[in-house]
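Only one structure is covered here, and it is reproduced in the block below.
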Amino acid sequence: MASNLTNIPQSMELVCPAGTPAALKAAVDAGAHSVYCGFRNETNARNFPGLNFSVKELRDGVRYAHQRGTNVLVAVNTFARAGDVGIWTKAVDDIAACGADAIIAADLAVLDYAHKNHPQVRLHLSVQAAAATPEAINFYAQTFGVQRVVLPRVMSVEEIEKLNKEISVETEVFVFGGLCVMTEGRCALSSYATGKSPNLTGVCSPPGDVSYDEEGDKLYARLGGFTIDGFEAGENAGYPTLCKGRFNANDETSYLFEDPVSLNAAALLPRLRAAGVTALKIEGRQRGKAYISQVVKAFRQAVDVLDAGGNAEAEVSAMLNAMTEGGRETTGAYKKIWR
Amino acid sequence: MALKPERGQFPPVLQTAMRFLPPPPLGMFLTHAVRRLSTQRPDLFERLGAYKRAQFIVDPVDLPYVFKLVPNGEHAFVEMLPKAKAPQGDAKITGPLIVLLGLIDGTYDGDAMFFSRDLVIEGDTDAVLALRNTMEEADLTPAELIGLNGQLRDVVDRCANSTLANLRKVLDAPQAG
Ligand code: SF4
Numbered sequence: 037m038a039s040n041l042t043n044i045p046q047s048m049e050l051v052c053p054a055g056t057p058a059a060l061k062a063a064v065d066a067g068a069h070s071v072y073c074g075f076r077n078e079t080n081a082r083n084f085p086g087l088n089f090s091v092k093e094l095r096d097g098v099r100y101a102h103q104r105g106t107n108v109l110v111a112v113n114t115f116a117r118a119g120d121v122g123i124w125t126k127a128v129d130d131i132a133a134c135g136a137d138a139i140i141a142a143d144l145a146v147l148d149y150a151h152k153n154h155p156q157v158r159l160h161l162s163v164q165a166a167a168a169t170p171e172a173i174n175f176y177a178q179t180f181g182v183q184r185v186v187l188p189r190v191m192s193v194e195e196i197e198k199l200n201k202e203i204s205v206e207t208e209v210f211v212f213g214g215l216c217v218m219t220e221g222r223c224a225l226s227s228y229a230t231g232k233s234p235n236l237t238g239v240c241s242p243p244g245d246v247s248y249d250e251e252g253d254k255l256y257a258r259l260g261g262f263t264i265d266g267f268e269a270g271e272n273a274g275y276p277t278l279c280k281g282r283f284n285a286n287d288e289t290s291y292l293f294e295d296p297v298s299l300n301a302a303a304l305l306p307r308l309r310a311a312g313v314t315a316l317k318i319e320g321r322q323r324g325k326a327y328i329s330q331v332v333k334a335f336r337q338a339v340d341v342l343d344a345g346g347n348a349e350a351e352v353s354a355m356l357n358a359m360t361e362g363g364r365e366t367t368g369a370y371k372k373i374w375r
Numbered sequence: 555m556a557l558k559p560e561r562g563q564f565p566p567v568l569q570t571a572m573r574f575l576p577p578p579p580l581g582m583f584l585t586h587a588v589r590r591l592s593t594q595r596p597d598l599f600e601r602l603g604a605y606k607r608a609q610f611i612v613d614p615v616d617l618p619y620v621f622k623l624v625p626n627g628e629h630a631f632v633e634m635l636p637k638a639k640a641p642q643g644d645a646k647i648t649g650p651l652i653v654l655l656g657l658i659d660g661t662y663d664g665d666a667m668f669f670s671r672d673l674v675i676e677g678d679t680d681a682v683l684a685l686r687n688t689m690e691e692a693d694l695t696p697a698e699l700i701g702l703n704g705q706l707r708d709v710v711d712r713c714a715n716s717t718l719a720n721l722r723k724v725l726d727a728p729q730a731g
């Protein structure tokens with residue numbers, strides 16, 4: 037059985053993104069308790085060009101993090117291709133050899149391989165597995181020894197609290213960053229427009245299928261040739277994530293599924309702690325080190341102040357204000373206020 | 555052009571004056587700098603993957619020239635061309651010079667600059683993203699770019715950083731992220 041994560045003096049562990057070794061250092065230096073990252077291939081659900089780690093970079097990153105008391109969690113969280121599981125099993129072996137603290141996986145084959153071959157490495161269930169019921173989570177815990185589940189961004193705080201009473205494993209929830217509004221591992225929207233989706237090729241609304249076209253005064257953001265949004269001159273542009281497009285329906289143009297807002301659950305930290313949440317996850321492996329550093333510092337301060345019996349909501353909000361997409365934010369499903 | 559009007563750009567008088575000045579020999583200097591980087595930091599060029607052979611056109615809106623960059627390791631080259639002779643390339647990045655420089659030294663976040671429309675991206679978005687993520691990892695300082703080491707490097711970086719910060723203020727460039 038894998039051990040507990042070390043070096044977490046706080047009541048809640050701050051789990052921070054690293055798309056590059058430079059971002060890993062930025063997150064560690066800013067006070068992350070744990071950093072998560074992935075390899076530069078399709079085993080990783082954030083398989084963007086120029087992003088992610090080679091095996092050597094992971095080994096060096098683990099050394100840097102461990103010297104400063106930070107854990108490294110590595111995502112192998114796409115679904116292995118039938119008849120070609122080699123790169124997924126190699127990724128698991130490499131993570132174990134690099135001395136990382138946990139593997140974040142979703143696929144049964146990957147979980148099974150890791151559990152049987154590297155029982156000393158903790159297993160975390162990726163959000164891509166879309167496990168949100170006690171039955172599903174307990175199955176993963178009993179079958180593969182999974183010690184933590186990353187919950188999809190569709191549950192309210194009350195639902196998380198109830199769930200925590202019915203499972204024996206730790207829960208990790210997203211608190212900041214891009215908002216995937218559906219049960220992420222089950223969303224195939226992106227594949228209708230591009231043939232690629234998060235759980236197959238590791239990328240939603242892939243940049244290779246994106247084009248920005250200026251027509252007259254307007255800038256159009258397109259995905260796979262479909263117009264997802266249009267921006268007037270001087271208006272802030274956005275990335276054409278399929279679920280956050282402006283579409284025409286019933287003679288009206290609107291953000292049909294979700295507004296292009298970012299998740300910010302900083303105000304809910306006391307409630308999440310009371311609901312029994314173990315770890316707080318910041319989204320954004322595709323973001324730069326300046327962003328990572330600021331967001332991690334803000335949340336670390338929030339967790340520290342919370343543990344000292346205070347509330348740093350106002351300061352943290354001010355620190356995070358500039359970091360949200362288009363400046364607009366939401367508490368997402370935690371308060372169940374969106375359509 | 556959807557760039558925010560004049561934010562961070564050189565004043566029009568200076569832009570006009572530059573059209574009449576002989577072009578500085580920056581192409582050769584930058585080619586040398588990128589090739590040197592490929593021996594010092596081969597990991598960066600590995601990170602670019604297939605996109606190291608892509609042709610990037612970097613177009614500073616307030617200069618009369620564009621830069622054509624093919625970051626292909628020791629075969630890399632940078633060419634400075636008059637705007638009228640700019641090839642299409644695989645991907646084009648357009649913005650005020652001060653913003654483009656800020657992307658190299660990490661002052662600005664590429665995403666934020668793009669979404670605030672201070673930068674315009676055309677062509678292969680994957681290639682631009684690969685370059686942007688590689689620059690993030692490179693963390694280049696001005697002195698590193700010109701190949702300086704040791705104490706001199708710190709002095710040059712300090713001077714360059716304060717000059718650029720002042721220039722950003724004078725030109726009303728976007729706030730650093
Ligand atoms: S389209 Fe939206 S809901 Fe679907 S995976 Fe992408 S971000 Fe999530």
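Top to bottom, those sequences are chains A and B. Just so we're aligned, residue 37 is where the first sequence starts under my numbering, counting upward by one. Just so we're aligned, residue 555 is where the second sequence starts under my numbering, counting upward by one. Idealized CB from N, CA, C, for every residue including glycine. Bear in mind that the values here come from a model prediction, so they are computed numbers and not experimental data.
Check: Check: A:Thr277 C-beta below 8 Å from any heavy atom of ligand 1; Outcome: yes
Check: A:Phe89, DSSP secondary structure in three states; Outcome: strand
Check: Stretch-stretch touch, CB-based, cutoff 8 Å, three pairs: the region 664 to 672 of chain B with the region 573 to 584 of chain B; Outcome: no
Check: Simplified DSSP state of B:Phe574, which is helix, strand or coil; Outcome: helix
Check: Cross-chain neighbours of A:Ala54 in chain B, by beta carbon under 8 Å; Outcome: In chain order: nothing, as chain B lies at least about 11 Å away.
Check: A:Ser233 CB to nearest heavy atom of ligand 1 below 8 Å; Outcome: yes
Check: Beta-bridge partners of B:Phe610, as assigned by DSSP; Outcome: B:Leu623, B:Ala645
Check: Members of the region 76 to 94 of chain A near chain B, C-beta cut-off 9 Å; Outcome: Arg76, Phe84, Pro85, Gly86, Leu87, Asn88, Ser90, Lys92, Glu93
Check: For B:Thr661, three-class secondary structure by DSSP; Outcome: coil
Check: Spatial distance of B:His629 from B:Ser716 (CA atoms); Outcome: 33 Å
Check: Proximity test, A:Lys280 beta-carbon vs ligand 1 heavy atom, cut-off 8 Å; Outcome: yes
Check: Residues of the region 272 to 283 of chain A with Cβ closer than 7 Å to any Cβ of chain B, in chain order; Outcome: Asn272, Ala273, Gly274
Check: A:Ser226, enclosing alpha helix (DSSP H) - first and last residue; Outcome: 225 to 230
Check: Residues that A:Val246 contacts on chain B, provided the C-beta gap is smaller than 7 Å; Outcome: Thr679
Check: Cβ contact (3+ pairs, closer than 8 Å) linking the region 70 to 89 of chain A and the region 347 to 356 of chain A; Outcome: no
Check: Cα-Cα separation between B:Leu681 and B:Gly649, rounded to whole angstroms; Outcome: Note that residue 681 of chain B is Ala in the sequence shown here, rather than Leu. About 17 Å.
Check: Contact list for B:Glu691 against chain A, beta-carbon separation under 7 Å; Outcome: Thr56, Pro57, Ala58
Check: Below-9 Å beta-carbon distance, A:Leu255 vs any chain B residue; Outcome: yes
Check: Any chain B beta carbon closer than 9 Å to A:Glu206; Outcome: no
Check: Cα-Cα separation, A:Glu171 to B:Ile675; Outcome: 47 Å
Check: Run of the alpha helix (DSSP H) containing A:Asp265, from where it starts to where it stops; Outcome: Taken as a continuous stretch (DSSP letters only), A:Asp265 belongs to no alpha helix (DSSP H), being part of the beta strand (DSSP E) at 262 to 267.
Check: Whole-angstrom C-beta distance between A:Ala167 and A:Ser204, which should lie under 8 Å; Outcome: Not quite, the Cβ-Cβ distance comes to about 14 Å (not below 8 Å), so this is no contact.
Check: C-alpha gap between B:Ala638 and A:Glu250, whole angstroms; Outcome: 20 Å
Check: Residue-level contact to chain A via CB, B:Met555, 9 Å cutoff; Outcome: Because B:Met555 sits at a pLDDT of 47, beneath the cut-off of 50, its placement in the model cannot be relied upon, and the following sentence gives the value as read from the coordinates. Yes, B:Met555 counts as interfacial toward chain A.
Check: Check whether A:Glu49 and A:Ser70 have beta carbons under 9 Å apart; Outcome: yes
Check: Cβ-based neighbour list, A:Arg375, same chain, cut-off 6 Å, excluding 5 preceding and 5 following; Outcome: Residue placement at A:Arg375 is flagged as unreliable, the pLDDT there being 41, under the threshold of 50; the coordinate-derived value follows with that caveat. Same-chain partners within the cutoff: there are none.
Check: A:Arg82 and A:Gly55 closer than 9 Å at C-beta; Outcome: yes
Check: Element boundaries [beta strand (DSSP E), containing A:Asn107]; Outcome: 107 to 112
Check: DSSP beta-bridge partners of A:His160; Outcome: A:Ile140, A:Arg184
Check: B:Ile647 at chain A interface by Cβ criterion, 9 Å; Outcome: no
Check: Inter-residue CB distance, A:Ala116 and A:Val146 (contact presumed, cutoff 8 Å); Outcome: 6 Å
Check: Own chain residues within Cβ distance below 7 Å of A:Tyr228, not counting five before or after; Outcome: none
Check: The region 316 to 326 of chain A touching the region 206 to 215 of chain A, judged by at least three CB pairs closer than 8 Å; Outcome: yes
Check: Short Cβ contact (9 Å threshold) for A:Tyr256 with A:Gly244; Outcome: no
Check: Given 8 Å, three or more beta-carbon pairs between the region 676 to 696 of chain B and the region 655 to 663 of chain B; Outcome: yes
Check: Min CB distance A:Ala326 to chain B below 9 Å; Outcome: yes
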